[in-house]
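Since the structure comes first, as C-alpha cells, the remarks are kept for the end.
There are 2 protein chains.
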Amino acid sequence: MTPDEFRTHGKALIDWIADYYEQIEQYPVLSQVAPGAVRAALPGAPPEQGEPFAALMADVERIILPGITHWQSPNFFAYFPANTSFPSILGELLSAGLGVQGMLWQTSPAVTELETHVLDWLVEMLGLPERFLSSGAGGGVIQDTASSAVLAAMLAARERTADRGPQTTDSRQPTKDGALAAVGGRRSQTSGPSAVGNDPRLRAYTSTQAHSSVAKAAGIAGVGRDNLRAVGVDEKFAMRPDELRRLIEADRAAGLRPFFVVASVGTTSSTAIDPLPEIGAICREFGLWLHVDAALAGTAALCPEFRHIHDGLELADSYAFNPHKWMFTNFDCNCFWVADRAALINALSILPDYLRNAATEAGAVIDYRDWHVQLGRRFRALKLWFVIRSFGVEGLRARVREHVRLAQLFAGWVAADPRFELAAPAPLNLVCFRLRQGGDAANRALLERLNASGKLYLTHTVLDGRYTLRLSIGGTLTEERHVRAAWEEMTNDE
Amino acid sequence: MTPDEFRTHGKALIDWIADYYEQIEQYPVLSQVAPGAVRAALPGAPPEQGEPFAALMADVERIILPGITHWQSPNFFAYFPANTSFPSILGELLSAGLGVQGMLWQTSPAVTELETHVLDWLVEMLGLPERFLSSGAGGGVIQDTASSAVLAAMLAARERTADRGPQTTDSRQPTKDGALAAVGGRRSQTSGPSAVGNDPRLRAYTSTQAHSSVAKAAGIAGVGRDNLRAVGVDEKFAMRPDELRRLIEADRAAGLRPFFVVASVGTTSSTAIDPLPEIGAICREFGLWLHVDAALAGTAALCPEFRHIHDGLELADSYAFNPHKWMFTNFDCNCFWVADRAALINALSILPDYLRNAATEAGAVIDYRDWHVQLGRRFRALKLWFVIRSFGVEGLRARVREHVRLAQLFAGWVAADPRFELAAPAPLNLVCFRLRQGGDAANRALLERLNASGKLYLTHTVLDGRYTLRLSIGGTLTEERHVRAAWEEMTNDE
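Put into C-alpha cells, the structure is as follows:
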C-alpha cells in the first residue's frame, strides 16, 4: 500500500467509522451469531497474493460486523462500560501511525515523559494523595488492565515483605550450580522472592466481592489462590474490617506471613466501596501492602461531590483505575500508581547488556519496562492526553455526572415499582435490581428476553445467593432516552 | 467531537501520517532531546476546558515529535525491528473505532473467532506442527508480547508438573479458615500451584543467551530468578544440550523438580538458534515442558528456505513469535501456541458469576480471557488479518527475503574489510560485528558517533565479553540504499 493509497483508504475508513457511530443503534447490541458462524464464513487458507483493501472492508461488513457485540452502543448496559470517544480513536490512530515502542526512555523519550506527565495530571484531577506523584518516591504508569495492575502490586508487596524480614529457607536448596550469572545480564539485586522464589507462608486478603483478577494474580505469582483469604462483607457488600483483622491475627498466630490486601472502590457486582480508612489502618498496623482497585469507580472522583469514595486512600501503597472503562479512552488503558516505586522496580527490573544505554545508566530517566510484566510498550499516553485535552476536565465531569444522574433516575423507577426491588445500594452509575416474584428463573428469563430483543444488553450477577440484574450506565453516547427505553422494555409484559 | 468533526480531523490525521512516512528520513533516527525536555514543554496542570484538535496536533509537532525515536525509519537498525505497515495501521484504527472488548466469546464473537482462525492460518504459513492447530488439543492466542507468552508457558508448565506428581506440602499450612469460596466465584479446579502456591523445588532452564524475559517470568511466577539455570552455549551462542542434560540430572539427583525449558530460535544478542531436536528429546525424556521463543526469527519461516530454524519444533509444548517485530503488524502482537490448551486454561481460568453466560457454559466456544494474565482484550486479530490479506503470503515472503539478503550483503562487506570482524554467525537479518582494533572503547565510540549523527540508529550487545555492534535489518521501508549508506557512515573516518 503506497502513501497515496493509504490516504484514500484511510479517509474512507474514517468515514466508515463515523457512519458506524451514526448508525450504531440499528444493530442488535448483543451479537446474534451462533458459535462457529464467523469462522465458517472465512476461507480455510490464507491468500497467496495480496487483496485490494475494498475486499477487506467488504468482509468486515459481511463477516465481522454481525459478530460484533456493540460495546459503544448507547444501549449497552452490560458488565462495566469500555467507553471510547472520537479523540481517543484519533490518539490510537496516531500511536499506530508513529509505530514507536517505548520500552526504554531512549527508545522514544516522549512516550515515557508524556505518560509520567499525564499520570501526574490525573493525581490532581482525581484528588489522589500526593505520595503518588512522580516528584516524590512514587509515580504512575499505564498498565493494560486492572488485572495486570493488581499483579504488579502483589509482586511489589511480596518483594517489600521479603526485604523487611527473614525468609523461610528450610525447603530451599542452594543454587550455586548453574546459577543465573548471565541470563538477563546480571544477577538480581535482591534476595527477595523474585530472586529466590516465594515464601510459602505468604497470605493475601480481599473481600468475597473482589474482582476475580485478585485470585488470578495470586495464582500467577505462585502465592496460590487458596492462600488468598476471602474477607466477609457487610449488608452493603463492603469489606468488614473486623473480619479482616480477625483473619490476619489468626494467620499471624499460625506462623504465616500476611503481606497484601486488596480493597475495592466499586466492586464489579454492585460498586460496593470498601472502608479504606479502617482497612488502611489495619494494613499499617501489621505492615501489609494495601492496593486499592477502583477500576470503574475511580473516574467518579473527577467530580468533587464523589471524591469521598477515595477517603482513606492516603493509607494505600498502590491504586489503579481504568480510563478505558468510564473515562472515554479506548481499551486498553489502566492507570496504576505506587507510593514507593522502588519496591515495584526491585520486583521487575532486569537489565541485560543489549538494553544498556547512557540515559538509563545515569539514572536520570524512567524506564517503564521495569514497572510491568511486558518489556515492550505502546504509546498509550497519547490517547489519554487527547481525551483530557479535548474534553477538558469540566467536560469529563459533566458526562460522569450525567451517567450518575441517569443511574439514580433508573434506581428511582425500580424502587417505585412494586414488581421490582433494588438488590444493593447504587452509589454511582450501576443499579442492581431484580423482580420480586418468580425467583432466579423469572429474573433469568427477563434478562434473556431483553438481550434476545437486540434492543439493549445487560448482564447479571449473584448477590446474597440470588440472581440479580445489573444496569451499568457509562456509554459515551448513552442519554436519558436510552435508559428510559430500557426501563420500558423491562416493564413491558411484566 | 461530533461525527462530522471526527471526519474532518480524522482525514487530516490520515494525511499527517502519510506525510510523516514520506518525510521520515528527515528526522534524526534517535531522538536528540535531553531528559526532562518533553515534560518541561507541557503545562503543569490539565486544561479545565476542552481544546480544539488543531491545538493538540500543533503540540504533537512541537513537543512530541522531537521526543520520538523513529522506529519506522528505514535507517533504524537498533534492537530488533518493530515494523508496521499501512494495512496494519488501518486495522488498528478499525479496532479502535469498533471499540469492542473480547474477554469472552459472547462479548464479540468475531474477536475470538477471527483470532483463532488467523492463528490457525499462521500454523500453515510458518509450517508449524499440526499439534498447535485449534482443531486438536492445542491452539493459538494473541498475547501482547513475548514476555507475556513465556510467562504463560511457564505457568502452564508449572500446572502440568503439579498434576503429574505429588506436591511438597511440609511447609504449607492448611487454609480452611477464610478459604477462598467466593473470591473469583468458585474454588480453583486443581490442587496445582495456581491454587496452593509453588513447589519450592521447581527448577527451569534456558541458555545464557536467552532473553531477559525468561528470568523476569521466573521472578513473577514466584519460581525465583535464581532457580532458572543458565545453560552454557557453543561457539555459535546456541544452547549446549549436553550441558542442559547435566544440569537437569544434577538437580534431579539433589531432589529438585526440573519442569521447564526455554529454547531460543534467534537470540536477541545474535539470532543464535538453539538445537531443538536435541533439546526436545531431553525434555521428553525427563517430562519437562519445552517453550520455544522465536520472537524475531519466527517470521523467517514464511519462506521454505528458512524453515529449518524450526526443525524439532514438533517436540515443543509451546511456541511464540512476534508479528510486531518482523511481520509488518504494529506493536503489540505476539502469537502464542500451546499443544495442550488444557494446562494453560487450568492455570489461568477463573469464572465468577458476573462472567457466566450460556455460550461459555455450553463449552462450545473459546474464552481467551483464560489464556493470559489480562481479563479484557482488544481486537488485535484485525490488524493481523489486514496485513496477511493485503500483502498476501507471497508479498510477506518477498520482503522477508529481501531483509535477509540485505543482512547477508552487509555481513559480506564486514567480512571483506580488514578493519572489521563478524562477532557471530548471521543466519538471518541481524549482523553482529566489531572493529578489530581499539577494543571496547573504539567500538563504543563508533556506536556513539553513528547514533549522534542522526543518520541511523543501531545498538550493541556483549558477546564473549566483548562490546559488539548489532545491525538489525527489518524495517518495512529499509532498502539496499539505506544499508549501503549505513556502511559508508561506519567506514567513513575509520
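Which chain is which? The protein sequence lines are H and R, in order. Position one of the first sequence corresponds to residue 1 (the numbering used here), numbered consecutively onward. Position one of the second sequence corresponds to residue 1001 (the numbering used here), numbered consecutively onward. Here a beta-carbon is modelled for each residue, glycine too, at the ideal position from N, C-alpha and C. On a predicted model such as this, the values are computed, not experimentally measured, just so you know.
By the CB criterion at 8 Å, Glu115/H and Tyr368/H fall inside the cutoff.
Nearest in C-alpha terms to Gly1280/R, of all of Leu1435/R, Asp1311/R, Ile1024/R and Thr1268/R, is Asp1311/R. Among the residues of the stretch 338-361 of chain H, those with a Cβ less than 9 Å away from any Cβ of chain R are Ala347, Leu348, Ser349, Ile350, Leu351, Pro352, Asp353, Tyr354, Leu355, Arg356, Asn357, Ala358 and Ala359, in the order of the chain. Annotation: the continuous beta strand (DSSP E) that includes Leu1469/R extends over Arg1466 to Ser1472. CA-to-CA, the gap between Ser472/H and Ser207/H works out to about 22 Å. Inclusion of Gly232/H and Glu249/H in the CB contact set at 8 Å is not warranted, their separation being larger than that value. Not a single CB atom of chain R sits nearer than 8 Å to the CB of Pro74/H. In the three-state DSSP reduction, His1310/R falls in the helix class (H, G or I). Contact of Trp121/H with chain R is assigned, a C-beta pair being separated by under 8 Å. Counted as a single uninterrupted DSSP element, the beta strand (DSSP E) harbouring Ser264/H occupies residues Arg257 to Ser264.
At least one CB of chain H lies nearer than 8 Å to the CB of His1009/R.
Its Cα nearest to that of Gln143/H, the residue Leu384/H stands out among Gly50/H, Leu384/H and Ala362/H.
Counting along the chain, Arg1434/R sits inside the beta strand (DSSP E) bounded by residues Leu1430 to Leu1435.
When only Cα atoms are considered, Arg378/H and Pro109/H end up about 13 Å apart.
Taking 8 Å as the cut-off, the Cβ atoms of Leu1477/R and Val1029/R do not count as close. Per DSSP, Glu1361/R has no beta-bridge partner at all.
Taking the Cα of Arg62/H as reference, the smallest distance to any Cα among Arg39/H, Gln49/H, Leu450/H and Asn75/H is reached at Arg39/H.
Annotation for Asp1251/R: Arg1203 and Pro1258 place their beta carbon closer than 7 Å to its own, counting only its chain and skipping 5 residues before and after. Pro87/H sits buried, since 16 or more C-beta atoms from the chains shown fall within 10 Å of its C-beta. Of the candidates Tyr27/H, Phe53/H, Asp15/H and Tyr21/H, Phe53/H places its Cα closest to the Cα of Thr2/H.
Under DSSP, Ala230/H forms a beta bridge with Thr206/H. One finds Pro1046 in chain R with Cβ atoms closer than 7 Å to the Cβ of Met125/H, taken in chain order. By the C-beta density criterion, Asn1357/R is buried, having at least 16 other C-beta atoms within 10 angstroms. According to the DSSP assignment, Thr491/H belongs to the alpha helix (DSSP H) that extends over Glu480 to Thr491. Minimum Cα-Cα distance from Val338/H among the listed residues Ser85/H, Ile273/H and Pro129/H corresponds to Pro129/H. Taking 8 Å as the cut-off, the beta carbon of Cys335/H is found no closer than this to the beta carbon of Leu315/H.
Against chain R, the beta carbon of Asn198/H has neighbours under 7 Å at Gly1197, Asn1198 and Gly1222, listed in chain order. Its Cα nearest to that of Asp234/H, the residue Ile273/H stands out among Val141/H, Ala452/H, Ile273/H and His460/H.
In the three-state reduction of the DSSP assignment, Leu1288/R falls in the coil class. Chain R has a Cβ within less than 8 Å of the Cβ of Gly392/H. Of Pro1241/R, Leu1396/R, Phe1420/R and Val1262/R, the smallest CA-CA separation from Ala1301/R is found for Leu1396/R. In the three-state reduction of the DSSP assignment, Cys335/H falls in the strand class, which pools E and B. In terms of beta-carbon proximity, Asn1429/R stays away from the interface with chain H, with every pair separated by 8 Å or more. For Arg1201/R, same chain residues with a beta-carbon under 8 Å away, outside a window of 5 residues either side, are Thr1168, Gly1255, Leu1256 and Arg1257 in chain order. In the DSSP secondary-structure assignment, Val1141/R is bridged to Phe1336/R.
With respect to Gly1224/R, Ala195/H sits close: the two C-beta atoms are nearer than 8 Å.
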